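Encoded as structure tokens, the structure appears first; notes follow it.
In the numbering used here, the protein residues as written are 37 to 790.
Next up, the structure:
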């Protein structure tokens with residue numbers, strides 16, 4: 037523990053064989069509480085904050101992983117959750133523990149915004165309902181009656197916090213819905229985007245109170261929040277009419293807290309922005325003070341001390357501590373903690389043992405099947421733990437964990453190393469974006485990787501404007517170093533990635549040499565270039581053999597950034613008669629529903645102006661024939677998309693059976709050194725009640741393999757099969773847009789006059 041000002045660094049009683057986390061100070065004592073697995077399970081412990089006493093257990097006998105505990109302001113009660121999404125309450129004096137609530141949706145983000153009332157009697161928290169809306173609940177820890185919902189189940193309400201003396205409950209709620217996009221008209225199928233939906237609301241917990249933000253009536257003085265006013269009982273009867281909206285513009289707010297007459301929260305200007313500012317708003321009826329104060333920008337997180345006097349902020353990798361007065365620090369360095377005195381001494385062998393056991397527990401508690409695929413998980417742990425004394429490196433620990441996890445016969449798992457002691461003096465190579473052959477004069481260009489000319493930023497180094505080398509050119513030197521001395525071009529490009537280098541080259545059949553400045557690619561950049569070349573050449577083949585009637589695009593993955601591949605590939609060809617969606621080598625993600633929903637759109641009516649072609653509603657709906665290409669390296673969400681494409685009747689799958697990773701997972705199970713032991717958490721089954729994808733993959737409707745020799749020669753049999761299929765379907769069932777009917781004749785004759 038670091039001192040906020042002057043003082044010594046306190047190290048608690050811990051060792052490399054255990055993991056300690058989620059530490060908090062315990063009010064009414066000189067102790068801290070934290071979670072530790074020193075007993076073999078994650079349990080709560082308490083220990084003197086000065087580090088001079090022995091730790092003592094608070095809980096024991098845990099059967100699943102416990103999560104962050106929040107002690108009451110008087111230090112007598114502890115609220116915490118566990119992996120089964122149960123909210124528990126524990127009396128730290130008597131040792132009594134009881135269940136408060138159990139999340140029906142199994143959402144791990146439920147209960148994380150738990151807040152205590154100042155008198156330590158009530159807790160407020162949010163829970164997810166069956167319609168996926170978050171609802172705020174209050175629980176009386178004294179009477180122990182069932183929690184009471186205090187917000188609507190029709191709206192998202194979350195991040196509750198009590199006001200002074202517990203008379204008000206403030207919370208965030210999404211109740212303002214204004215689309216940034218004004219209509220469905222425009223390029224690339226504009227869709228509604230709801231931004232700045234959250235407002236701040238205040239619930240009168242006693243009834244009959246005037247809002248602390250309401251302007252005073254004649255003869256009244258402005259209200260400000262007081263910490264010592266007369267306390268009254270909370271009354272949860274007839275809550276209608278006791279909800280007030282604060283005088284703040286709806287925006288993107290999260291993590292609301294309160295401290296000494298001010299509300300604090302994180303704010304971002306766009307809902308998708310990862311950069312947040314810590315801001316404060318005064319609790320007062322003086323409207324002249326109703327404005328936000330920016331405390332600090334680009335904040336990763338913050339916390340208010342239990343007594344509401346101090347604010348802890350994390351910005352980047354730095355931490356700041358300063359008074360919670362509602363005002364910004366006086367300088368950019370005020371309260372910045374010095375981390376220079378922090379150091380850890382660890383025993384790698386002991387730490388590896390802890391991480392092995394942690395990985396075992398995480399799989400026990402996070403794996404989607406509580407029966408662990410009928411595997412005796414305790415026995416698997418004992419069997420593999422016996423090999424711990426033989427480990428000599430962190431890599432071997434990963435291998436041992438992988439062997440243990442492999443006993444579950446689940447494909448969708450990941451084991452990542454964390455604190456690896458790699459050499460720091462290794463050389464990286466630059467790449468010129470070409471296949472080169474060593475010849476007498478230097479290195480001859482045998483192949484240049486071409487990319488889509490519509491995106492000049494993706495062009496390889498040797499094809500950029502002003503360089504424009506060609507196949508057959510010979511590179512004679514790099515930065516003056518003769519190429520004849522180098523066995524490989526890489527030896528002349530060590531540590532040159534991203535740096536400008538001078539190439540001297542000769543074009544065969546033309547006398548003289550030419551000099552060019554190029555910027556070599558990194559290894560990852562070169563891989564990306566080769567993939568872009570492969571995509572571009574597939575597209576050209578589809579354009580040529582499909583005679584302009586069949587579109588093609590490739591999806592490398594299914595993350596948010598990969599949506600750009602759909603936009604670039606689909607919208608230019610949405611009006612073709614056929615479409616090939618290439619999911620080969622797709623490394624997965626989570627946006628299958630985005631893509632499938634767009635491909636599922638169908639035209640149901642047409643617009644026709646006086647001139648020009650008719651156009652359809654729904655906008656950018658594809659009205660032709662489609663097919664998807666898959667292979668053994670179509671994994672994870674690439675497989676989910678492919679299975680969904682077929683089940684929704686959009687078209688057939690062509691290629692080979694996919695990888696078979698159908699249990700979805702997240703990145704919640706990190707190890708002590710930053711490594712990862714990701715456990716498959718969410719199984720996938722079909723309406724007919726069968727588990728799908730996992731272990732079996734997705735079998736295509738048309739099995740076509742790309743044989744190695746043919747592929748080396750440039751043939752893509754799977755693409756050819758898709759083109760043949762679509763050409764046949766187009767011939768059998770030609771897509772056509774109906775011609776507009778004749779304009780109606782609405783003329784009439786006026787009756788003849790008398």
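C-beta: ideal position from N, C-alpha, C; glycine also.
Since we're looking at a predicted model, the values are computed, not measured.
Problem set entry | residue 444 (DSSP reduced to helix, strand or coil) | For this step, residue 444 is matched to residue 408 along the chain shown. Reduced to three states, the DSSP call for residue 444 is coil.
Problem set entry | Distance, residue 588 Cα to residue 605 Cα | For the purposes of this step, residue 605 is identified with residue 569 of the chain shown, where counting begins at 1. For the purposes of this step, residue 588 is identified with residue 552 of the chain shown, where counting begins at 1. Each residue's alpha carbon lies about 7 Å from the other.
Exercise. What separation, rounded to the nearest whole angstrom, lies between the Cα atoms of residue 203 and residue 99?
Worked result: Within the chain shown, the letter at position 167 stands for residue 203. Within the chain shown, the letter at position 63 stands for residue 99. Take the alpha-carbon of residue 203 and the one of residue 99: they are about 38 Å apart.
For this session: Flag this pair as touching only if the segment 311–327 and the segment 379–388 have three or more C-beta atom pairs under 8 Å; answer yes or no.
Result: Note that the segment 311–327 does not touch the segment 379–388; fewer than 3 beta-carbon pairs, one per stretch, sit closer than 8 Å.
For this session: Can you give me the start and stop residues for the alpha helix (DSSP H) that residue 673 sits inside?
Result: If you number the chain shown from 1, residue 673 lands on position 637. Counting along the chain, the alpha helix (DSSP H) containing residue 673 begins and ends at 673–683.
Problem set entry | Continuous alpha helix (DSSP H) stretch holding residue 572: start and end | In the chain shown, residue 572 corresponds to position 536, counting from 1. Residue 572: member of the alpha helix (DSSP H) spanning 559–581, first to last residue.
Problem set entry | Test item: CB-CB of residue 160 and residue 205 under 8 Å | Here residue 160 refers to the residue found at position 124 when the chain shown is read from its first residue. Here residue 205 refers to the residue found at position 169 when the chain shown is read from its first residue. In contact: residue 160 and residue 205 (Cβ atoms closer than 8 Å).
Problem set entry | First and last residue of the uninterrupted alpha helix (DSSP H) at residue 630 | Within the chain shown, the letter at position 594 stands for residue 630. For residue 630, the enclosing alpha helix (DSSP H) has its first and last residue at 628–635.
Exercise. Thinking C-alpha only, which one of 509, 54, 503 and 675 is nearest residue 481?
Worked result: Position 445 of the chain shown, counted from the start, is the residue given in the question as residue 481. Of the listed residues, the one whose Cα sits closest to residue 481 is 509.
Problem set entry | Between the CA atoms of residue 198 and residue 62 - distance to the nearest angstrom | Translated into the one-based positions of the chain shown, residue 62 becomes position 26. Translated into the one-based positions of the chain shown, residue 198 becomes position 162. Cα to Cα, residue 62 sits roughly 19 Å from residue 198.
For this session: Have a look at 771, 468 and 210 and flag the residue whose alpha-carbon is nearest the alpha-carbon of residue 659.
Result: Taking the first residue of the chain shown as 1, we reach residue 659 at position 623. Here the closest residue by C-alpha is 771.
Problem set entry | Residue range of the unbroken alpha helix (DSSP H) whose run includes residue 769 | Numbered from 1 along the chain shown, position 733 holds the residue referred to as residue 769. Judged by DSSP secondary structure, residue 769 falls outside any alpha helix (DSSP H); it is assigned neither H nor E.
For this session: Put residue 264 into one of helix, strand or coil per three-state DSSP.
Result: By one-based count along the chain shown, residue 264 stands at place 228. Low confidence applies to residue 264: its pLDDT is 49, below 50, so where it sits in the model is not reliable, and the reading given next is rough at best. In the structure shown, residue 264 sits in coil (DSSP, three-state: anything other than H, G, I, E or B).
Exercise. Which one of 157, 82 and 449 has the shortest CA to CA distance from residue 403?
Worked result: One-based indexing of the chain shown puts residue 403 at position 367. Closest by alpha carbon: 449.
Problem set entry | Nearest residue (CA-CA) to residue 51, options 371, 385 and 223 | As a working note, residue 51 is residue 15 in the chain shown. Closest by alpha carbon: 385.
Problem set entry | Start and end residues, alpha helix (DSSP H) containing residue 398 | As a position in the chain shown, residue 398 is number 362, starting the count at 1. Its alpha helix (DSSP H) spans residues 384–402.
For this session: Tell me, please, whether the segment 517–526 touches the segment 426–445 by the rule of three or more beta-carbon pairs shorter than 8 Å.
Result: Output reads no: the segment 426–445 does not touch the segment 517–526.
For this session: Kindly indicate the opening and closing residues of the alpha helix (DSSP H) around residue 175.
Result: For the purposes of this step, residue 175 is taken as the residue at position 139 of the chain shown. The continuous stretches of alpha helix (DSSP H) do not include residue 175, which lies in the beta strand (DSSP E) extending over residues 170–176.
Exercise. In the DSSP assignment, what are the bridge partners of residue 300?
Worked result: As a working mapping, residue 300 is identified with position 264 in the chain shown. In the DSSP secondary-structure assignment, residue 300 is bridged to 293 and 316.
Exercise. Alpha carbon to alpha carbon, what distance is there between residue 687 and residue 393?
Worked result: For the purposes of this step, residue 393 is taken as residue 357 along the chain shown, with counting starting at 1. For the purposes of this step, residue 687 is taken as residue 651 along the chain shown, with counting starting at 1. Roughly 46 Å separates the two Cα atoms.
Exercise. Looking at the structure shown, is residue 431 part of a helix, part of a strand, or coil, going by DSSP?
Worked result: For the purposes of this step, residue 431 is taken as residue 395 along the chain shown, with counting starting at 1. Helix at residue 431.
Exercise. Short check: CB of residue 306 to CB of residue 288, under 8 Å?
Worked result: As a first step, residue 306 is located in the chain shown; it is residue number 270 there, counting from the start. As a first step, residue 288 is located in the chain shown; it is residue number 252 there, counting from the start. The answer is yes: Cβ separation under 8 Å.
Exercise. Per DSSP, what kind of secondary structure is residue 158 in: helix, strand or coil?
Worked result: Residue numbering aside, residue 158 sits at position 122 when the chain shown is read from its first letter. Per DSSP, reduced to three states, the secondary structure at residue 158 is strand.
Exercise. Which of helix, strand or coil does DSSP assign to residue 653?
Worked result: One-based indexing of the chain shown puts residue 653 at position 617. Three-state result, residue 653: strand.
Exercise. Within this structure, are the beta carbons of residue 634 and residue 225 separated by less than 8 Å?
Worked result: The residue given as residue 634 occupies position 598 in the chain shown. The residue given as residue 225 occupies position 189 in the chain shown. Taking the C-beta atoms as reference points, residue 225 is found nearer than 8 Å to residue 634.
Exercise. Whose CA, out of 195, 113, 640 and 371, lies closest to the CA of residue 146?
Worked result: Residue numbering aside, residue 146 sits at position 110 when the chain shown is read from its first letter. Among 195, 113, 640 and 371, the Cα nearest to that of residue 146 belongs to 195.
Problem set entry | Boundaries (first-last residue) of the beta strand (DSSP E) holding residue 720 | Walking along the chain shown from the start, residue 720 turns up at place 684. For residue 720, no beta strand (DSSP E) run applies, since DSSP gives it neither H nor E.
For this session: Could you spell out the range, first to last residue, of the alpha helix (DSSP H) harbouring residue 414?
Result: Numbered from 1 along the chain shown, position 378 holds the residue referred to as residue 414. Unbroken alpha helix (DSSP H) run through residue 414: 413–421.
For this session: Have a look at 59, 425 and 207 and flag the residue whose alpha-carbon is nearest the alpha-carbon of residue 236.
Result: Looking up residue 236 in the chain shown gives position 200. Nearest option by C-alpha distance: 207.
For this session: Can you give me the start and stop residues for the beta strand (DSSP E) that residue 452 sits inside?
Result: As a first step, residue 452 must be located in the chain shown, where it is residue number 416. Counting along the chain, residue 452 sits inside the beta strand (DSSP E) bounded by residues 450–452.
Exercise. So residue 180 and residue 134 are in contact, right, with Cβ under 8 Å, and what is the actual spacing, rounded?
Worked result: Within the chain shown, the letter at position 144 stands for residue 180. Within the chain shown, the letter at position 98 stands for residue 134. With a Cβ gap of about 7 Å, residue 180 and residue 134 count as contacting.
Exercise. Grouping DSSP H, G and I as helix and E and B as strand, with all else coil, what is residue 610?
Worked result: Within the chain shown, residue 610 is the residue found at index 574, counting from 1. If DSSP states are grouped into helix, strand and coil, residue 610 belongs with coil.
Exercise. Looking only at C-alpha atoms, which of 555, 713 and 67 sits nearest to residue 92?
Worked result: The count along the chain shown starts at 1 and reaches residue 92 at position 56. Distance check between residue 92 and each of 555, 713 and 67 places 67 closest, using alpha-carbon atoms only.
Exercise. Below 8 Å between beta carbons: does that hold for residue 514 and residue 537?
Worked result: Along the chain shown, read from residue 1 onward, the residue named residue 514 stands at position 478. Along the chain shown, read from residue 1 onward, the residue named residue 537 stands at position 501. Against a cut-off of 8 Å, the Cβ pair of residue 537 and residue 514 comes out as a contact.
Exercise. Between the segment 753–765 and the segment 675–685, do at least 3 Cβ pairs fall closer than 8 Å?
Worked result: No, they do not touch.
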